[in-house]
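Enquirer: Oh and the sequence shown: position 310 is 310 in UniProt numbering, straight run, nothing missing.
Each residue gets a CB set at the ideal place from its N, CA and C atoms; glycine is no exception.
This structure is a prediction, so every number in the text was calculated from the model and none was measured.
Right, I'll just put the structure down here and ask away after.
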Amino acid sequence: MDQVLLDRLLGDATLFAPTGGHRAIEIYQAGNAAGEPQVQETVLAEKQVSAWCREGQQRRERFSGGGGGDDGSSLFRLLVCSPRVLDRDIWPLPVSSSTLAAMLHSLDIPALFPRAVCRHVPLATAFESLDTGAGADGFGILLRTNLSHTWQYALALAHDPATRTTTALLFGLRSTEADEVLQSVRHSARHLAACPAVLPCILMDRGLDELVRDAEERRRSLTQIRIETGSQGFHHATIMAMRDDRDDLDLDVLMQKLTSLSDSCSGMAAVCKMQHSFVDVVSAFETATTAIAKSSSGRYARQQLRFFGQFLHGVESKVAYTKASVQDQVQTIYTLISQRDSRNHMALARTTRRLAQLSRKDSTDMRVISAVTLVFLPATFTSTLFSASFFDFQPRAPADKVSPWIWLYCLVTALLTCVVLASWWHFSRRQHVKADAAARRESKHQHQHQNQNQNQNQREDRDDDETLALDTHDAPSPVETVLALGRRARIDDFRPYLGGSISEGMFARKVTLPFDSPSRTETVNISPTEQAPAFRFGH
């Protein structure tokens, strides 16, 4: 990492929150001792962390100068920093920027490590000491997980083969997770002293266990969704359940759950891919740090790593199945939505049909009322007209009940009724004829527009065929040759001739000649060695 970028990162005050409570553990195994290793634990304040790192460097130098590394003794040192403050992020780090810089310098850890820690970048890589002094052949590994909430940590593991001393820095664990790791470190003290790769195995074991729990939880959530949608155990479904319209389902909520499940599966797949990188890096580190290849500690670490590799394949298969099933459920939800929309449309169509029937009944009733009104209206009009004061249609004798002019009333009423009904029928028929004519004109206009578009497309296709060019090494094209013969031929088709190949230059064209004759097939041999193509016409 560039020093300018490192200085910028160390100058960001939001990434650091110095605090105490750092827990250090040292495991020393004498070379000639067959008993249990010595384990010493201390709790450090923030100001004591840099001194603890320098002390380890001095002890490595003392072991190297005094032959401590030749007698088979080994030292494993682990610093578990204070638990993280936030649930989602490792930062702010529980040390100051100056303390972090001193730790990196003392242990010769690359400056890339704090960048991976503070920028939430998953990392699994090995590093070598950049010190050019005598005997400076140290190496180590950097691990940064991409887990979401639980077991999110960053580990720097530096090993000095000259003194067989390993120093580890661990950031980002929660309080309960740190207690669990320290407990496992105490139980594995003998293996850690001989094989430092056991520490990342302990961390990976806990992380993979949590990953499996998450995968199983996602699978149970998917099973619940499948039960709700009716696709779980469908072969046991009853007829009534199959006929259920499923209006009780909240499809929007189900889609949100499925989207969340798909995102979780993608995240778990990314974690599995990163854990495979962890296995590869830790395996290489174990091979380089284990003094005796057939030692029990080395076999224990290799067995754990092989188990992790197969374990990850199993988790990946479960995640892949869950993700594929999520996609199937999404299609099921889409089908349910379509079915619900279809049912709604059918219900709307039935309602519309019923409304149309009711409207038709109302229209029939109104026509009956109109007809009755038209029948009685002329009679009412005539009666009102004849009862006016300027007409006298009274009976001639007081004893007469009916006026002798009753025939005139009937005649006028009948004539007016016929005129009104005929006018009503005539105007109604004209309105229907106009509506039918307008519909026919609209249909004819649409048909003509479609024909124009089709003809335009055909002309464009024919123009494209006529403008098709072929490189014949300066030889005249068939169109130019036909025009040179004085025949204004129109080319309707252009395709490879079945009797030859494109490399031979054999083509066939359908040519329509200007005089009255049937269309002919023109076989044109376009050869690069000839100056002009030869023609062969046949009916």
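Might you give, ordered along the chain, the residues of its own chain that have their beta carbon closer than 6 Å to the beta carbon of Thr150, omitting 5 neighbours on each side?
Expert: For this step, residue 150 is matched to residue 150 along the sequence shown. The answer, listed in chain order, is Glu210.
Enquirer: Rounded to whole angstroms, how far is the Cβ of Ser295 from the Cβ of Ala194, which I believe are closer than 8 Å?
Expert: Here residue 295 corresponds to residue number 295 of the sequence shown, with the count starting at 1. Here residue 194 corresponds to residue number 194 of the sequence shown, with the count starting at 1. About 6 Å separates the two Cβ atoms, so the contact holds.
Enquirer: What does the Cβ neighbour count give for Thr14, buried or exposed, with the cut at 16 atoms within 10 Å?
Expert: As a working mapping, residue 14 is identified with position 14 in the sequence shown. It counts as exposed.
Enquirer: In this structure, what does DSSP give as the bridge partners for Ala140?
Expert: If you number the sequence shown from 1, residue 140 lands on position 140. The amino acid occupying residue 140 in the given sequence is Gly; Ala does not appear at that position. According to DSSP, which records beta bridges pairwise, Gly140 is partnered with Phe127 and Ala158.
Enquirer: Taking Pro18 as the reference, which of Gln458, Trp52 and Leu100 has the closest Cα?
Expert: On the sequence shown, position 18 is the one that residue 18 refers to. Pro18 has its Cα closest to that of Leu100, out of Gln458, Trp52 and Leu100.
Enquirer: Going by DSSP in three states, Val121 sits in which element: helix, strand or coil?
Expert: In the sequence shown, residue 121 corresponds to position 121, counting from 1. Note: Val121 maps to coil in three-state DSSP.
Enquirer: Per DSSP, which one or two residues make a beta bridge with Glu26?
Expert: Residue numbering aside, residue 26 sits at position 26 when the sequence shown is read from its first letter. According to DSSP, Glu26 bridges with Gln40 and Arg77.
Enquirer: I need the DSSP call for Leu485, collapsed to helix, strand or coil.
Expert: Indexing the sequence shown from 1 puts residue 485 at position 485. The pLDDT assigned to Leu485 is 43, lower than 50, so where the model puts this residue is not dependable, and the model offers no usable value.
Enquirer: Starting from the C-beta of Glu316, find all residues in its chain whose C-beta is less than 6 Å away, skip the five residues before and the five after it, and write them out in chain order.
Expert: For this step, residue 316 is matched to residue 316 along the sequence shown. Only Cys272 meet the Cβ criterion.
Enquirer: Rounded C-beta distance between Cys265 and Arg213? I'm assuming under 8 Å.
Expert: Here the question's residue 265 lines up with position 265 in the sequence shown. Here the question's residue 213 lines up with position 213 in the sequence shown. Incorrect: roughly 15 Å between the Cβ atoms, too far for contact.
Enquirer: Use the C-beta contact count for Trp425: other C-beta atoms within 10 angstroms, 16 or more gives buried, fewer gives exposed.
Expert: For this step, residue 425 is matched to residue 425 along the sequence shown. Result: exposed.
Enquirer: Please report the distance separating the alpha-carbon of Arg285 from that of Ala301.
Expert: Counted from its first residue, the sequence shown places residue 285 at position 285. Counted from its first residue, the sequence shown places residue 301 at position 301. It should be pointed out that residue 285 corresponds to Phe in this sequence rather than to Arg. Rounded to the nearest angstrom, the two C-alpha atoms are 11 Å apart.
Enquirer: Roughly how many whole angstroms lie between the Cα atoms of Leu5 and Gln331?
Expert: Numbered from its first residue, the sequence shown carries residue 5 at position 5. Numbered from its first residue, the sequence shown carries residue 331 at position 331. One C-alpha to the other measures close to 48 Å.
Enquirer: Just list the residues that DSSP pairs Leu169 with in beta bridges.
Expert: Against the sequence shown, residue 169 aligns to sequence position 169. Its beta-bridge partners are Leu79 and Ala156.
Enquirer: Which residues bound the alpha helix (DSSP H) around Ile225?
Expert: Within the sequence shown, numbered from 1, the residue matching residue 225 stands at position 225. In the DSSP assignment, Ile225 falls within the unbroken alpha helix (DSSP H) covering Val198 to Thr229.
Enquirer: Considering only C-alpha positions, which residue in the set Val198, Leu251, Pro94 and Ala126 is nearest to Ser175?
Expert: Here residue 175 refers to the residue found at position 175 when the sequence shown is read from its first residue. Closest option to Ser175, Cα to Cα, is Pro94.
Enquirer: Determine the direct distance from the alpha carbon of Ser73 to that of Arg54, and round the result to whole angstroms.
Expert: Numbered from its first residue, the sequence shown carries residue 54 at position 54. Numbered from its first residue, the sequence shown carries residue 73 at position 73. Rounded to the nearest whole angstrom, the CA to CA distance from Arg54 to Ser73 is 20 Å.
Enquirer: Please confirm if Met268 has its CB atom under 8 Å from at least one CB of chain B.
Expert: You won't find chain B in this structure, because it holds only one protein chain.
Enquirer: Inspect the beta-carbon positions of Met255 and Ile202 and report whether they are closer than 8 Å.
Expert: Mapped onto the sequence shown, residue 255 falls at position 255. Mapped onto the sequence shown, residue 202 falls at position 202. No; because the gap between Cβ atoms is not below 8 Å, this pair is not in contact.
Enquirer: Consult DSSP for Leu251 and reduce its assignment to one of helix, strand or coil.
Expert: Here the question's residue 251 lines up with position 251 in the sequence shown. Helix.
Enquirer: Grab me the residues of Thr167's own chain with a C-beta within less than 7 Å of its C-beta, minus the 5 sequence neighbours each way, in chain order.
Expert: Within the sequence shown, residue 167 is the residue found at index 167, counting from 1. Excluding five sequence positions before and after Thr167, the CB atoms of its chain that fall closer than 7 Å to its own CB belong to Gly56, Arg77, Leu107 and Ala158, given in chain order.
Enquirer: Tell me which same chain residues have a C-beta within less than 6 Å of the C-beta of Gly69, skipping the five on either side of it?
Expert: As a working note, residue 69 is residue 69 in the sequence shown. With a pLDDT of 47 at Gly69, under the threshold of 50, the predicted position of this residue should be treated as unreliable, though the coordinate-derived value follows. So the list reads Phe63, Ala162, Thr163 and Arg164, once near-sequence residues are dropped.
Enquirer: Less than 7 Å between the CB of Arg354 and some heavy atom of the ligand FAD, yes or no?
Expert: Absence of the ligand FAD is noted for the structure shown, with no ligands found whatsoever.
Enquirer: Run the CB neighbour count on Gln3, radius 10 Å, all protein chains shown included, and call it buried at 16 or more, exposed below.
Expert: Your numbering for residue 3 matches position 3 in the sequence shown. Exposed, by the Cβ-count rule.
Enquirer: Which residues in the same chain have their Cβ closer than 6 Å to the Cβ of Gly140, if we skip the five residues on either side of it in sequence?
Expert: Position 140 of the sequence shown, counted from the first residue, corresponds to residue 140. Once the five neighbours on either side are set aside, the close Cβ partners of Gly140 are Phe127, Leu157, Ala158 and His159.
Enquirer: Please state whether the Cβ-Cβ distance between Leu377 and Val420 is less than 8 Å.
Expert: In the sequence shown, residue 377 corresponds to position 377, counting from 1. In the sequence shown, residue 420 corresponds to position 420, counting from 1. Yes. Within cutoff.
Enquirer: Does the distance from the C-beta atom of Leu182 to that of Ile27 stay below 8 Å?
Expert: Position 182 of the sequence shown, counted from the start, is the residue given in the question as residue 182. Position 27 of the sequence shown, counted from the start, is the residue given in the question as residue 27. Not in contact: Leu182 and Ile27 (Cβ atoms no closer than 8 Å).
Enquirer: When DSSP builds the beta bridges, which residues end up paired with Phe16?
Expert: Position 16 of the sequence shown, counted from the start, is the residue given in the question as residue 16. DSSP, once it has assigned bridges, lists Leu93 as partnering Phe16.
Enquirer: Going by beta carbon distance, what residues of the same chain come within less than 6 Å of Thr42, once the five residues before and after it are set aside?
Expert: Residue numbering aside, residue 42 sits at position 42 when the sequence shown is read from its first letter. If we look at Thr42 and ignore the five residues flanking it on each side, its Cβ neighbours are Ala24.
Enquirer: Please say whether Thr229 and Leu336 have beta carbons closer to each other than 8 Å?
Expert: In the sequence shown, counting from the first residue as 1, residue 336 sits at position 336. In the sequence shown, counting from the first residue as 1, residue 229 sits at position 229. Contact: yes.
Enquirer: Candidates Phe308, Leu258, Arg299 and Asp252: which alpha carbon is nearest His276's?
Expert: By 1-based counting over the sequence shown, the position of residue 276 is 276. Of Phe308, Leu258, Arg299 and Asp252, the residue nearest in Cα terms is Phe308.
Enquirer: Taking the continuous alpha helix (DSSP H) assigned at Asn146, which residues delimit it?
Expert: In the sequence shown, the residue the question calls residue 146 occupies position 146. No alpha helix (DSSP H) holds Asn146; DSSP gives it neither H nor E.
Enquirer: Cβ atoms of Cys81 and Leu222: under 8 Å apart, would you say?
Expert: Mapped onto the sequence shown, residue 222 falls at position 222. Mapped onto the sequence shown, residue 81 falls at position 81. Going by C-beta atoms, Leu222 is not nearer than 8 Å to Cys81.
Enquirer: Under a Cβ-count criterion, where at least 16 other Cβ atoms within 10 Å of its own Cβ denotes burial, should Pro37 be classed as buried or exposed?
Expert: The residue given as residue 37 occupies position 37 in the sequence shown. Per the 10 Å Cβ criterion, buried.
Enquirer: Give the range of the alpha helix (DSSP H) segment to which Asp362 is assigned.
Expert: Here residue 362 is taken as the residue at index 362 of the sequence shown, counted from 1. Per DSSP, Asp362 belongs to the alpha helix (DSSP H) from Ser296 to Phe386.
Enquirer: Please classify Thr364 as buried or exposed, where buried requires at least 16 neighbouring CB atoms within 10 angstroms.
Expert: Position 364 of the sequence shown holds residue 364. When all chains shown are included, Thr364 counts as exposed.
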